[in-house]
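Residues 780 to 865, numbered by my numbering, are exactly what the sequence shown covers, in order.
For every residue, glycine included, the Cβ atom is placed at its ideal position computed from N, Cα and C.
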Amino acid sequence: AYKKVANKVKPVTTTIPAHARIICHFPEDPLLSLPSLSPQPPEFQPGTCLTKECMQDLKIFENKFLWPEECKLAAQVLSNNELALA
């Protein structure tokens, strides 16, 4: 399964033409379009897509790894983006 020396691919030094160059630019800062989070997240309020049963299935509030405020923050992030989850 090894290549023979005769089949070796040898790189060639060259320049890329201007019309073939990849220019990466962001039209806007993606962080500006994110919804804001409060420093003291509220208790979970069920929404249209993110119901109480969905949160129980995710087991965020039963998690022993996160602090209670972090659980509320995770619930707030999911609530802010619930239409993306549907």
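Checklist entry - If you run the structure through DSSP and keep just helix, strand and coil, what is Glu861? => result helix
Item to check | His804 versus Pro814 - alpha carbon distance | outcome: 23 Å
Next on the checklist: So for Gln819, helix, strand or coil by DSSP?
Outcome noted: coil
Checklist entry - Which residue's Cα is closest to the Cα of Thr827: Val784, Asn859 and Val791? => result Asn859
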